[in-house]
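These notes concern the structure reproduced below.
Residue numbers (our numbering): -16 to 195.
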């Protein structure tokens, strides 16, 4: 039977892991069996650079930590060599980076994951891994918001350049000049009939129709 000291140490590890994972946006479980030391070092370095947490913990400790968080259904996932990758900031970061390394090394594999405190199978995590990163999505949203403004600025600039070429000092002056241009007098529809040899347009049209 484990000593009291060992039990207390395990409890501290469980509590510490639960605290680390409680705010995770998403968690990915992977089987790292077969990775070389060099590959593991390379992968961990990139994960750190991109603020992705990655660790290998005993399944018994992980299982108790998730139970403490109220997450169940990991009995099949937490078997054999299991690594945990998670991010507290980006929902798709862990699925995307882990998936990229499974494709790169062809040795590790994804077992499943957790999103929003719910356990999800492999196909769900793989689908999530294909979603664009938060930075890219924000960038596209910002572009969509700013594009109308930049387009308007370009048009205003072109109008101003044409105004300068025509001698108008400002866009407003161009608008005033256009308003002051004499408009062609509109002729009422009743007066548009034109005589041709004493005939109106209507009569000429009728004659042509009779000739045909």
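All C-beta atoms in this analysis are idealised placements derived from N, C-alpha and C, irrespective of residue type, glycine included. These figures come from a predicted structure and were not determined experimentally.
- Bridge pairing for residue 101: 98 [DSSP].
- Cα atoms of residue 4 and residue 91: separation of roughly 22 Å, rounded to the nearest angstrom.
- Close CB contacts of residue 66 within its chain, under the 6 Å cut and outside five residues either way in sequence, are with 13, 15, 39 (chain order).
- In the structure shown, residue 33 adopts coil according to DSSP, grouped into three states.
- In this structure, the CA atom of residue 81 is about 13 Å from the CA atom of residue 31.
- Here residue 107 is not near residue 7, since their CB atoms are 8 Å or more apart.
- Assigned with DSSP and collapsed to three states, residue 90 falls in coil, not helix or strand.
- In the DSSP assignment, residue 70 falls within the beta strand (DSSP E) that extends over 66 to 70.
- For residue 9, the uninterrupted beta strand (DSSP E) run begins and ends at 9 to 14, by DSSP.
- Distance from the Cα of residue 84 is smallest, within the candidate group 109, 58, -2, for 109.
- In this structure, the CA atom of residue 71 is about 25 Å from the CA atom of residue 63.
- Exclusion of the five residues before and after residue 57 leaves 46, 49, 102 as the residues of its chain whose Cβ lies within less than 7 Å of its Cβ.
- In terms of Cβ geometry, residue 9 and residue 114 do not form a close pair [threshold 8 Å].
- Using a Cβ distance threshold of 8 Å, residue 41 and residue 1 do not count as a contacting pair.
- Counted as a single uninterrupted DSSP element, the alpha helix (DSSP H) harbouring residue -11 occupies residues -13 to 4.
- Pairing residue -2 with residue 55, the inter-Cα distance amounts to about 17 Å.
- Beta-bridge partners of residue 39 (DSSP): 66.
- Looking at the backbone, the Cα of residue -11 and that of residue 96 are separated by about 29 Å.
- Between residue 94 and residue 44, the C-beta gap is not smaller than 8 Å, which leaves the two residues out of contact.
- The straight-line gap separating the alpha-carbon atoms of residue 36 and residue 26 is approximately 11 Å.
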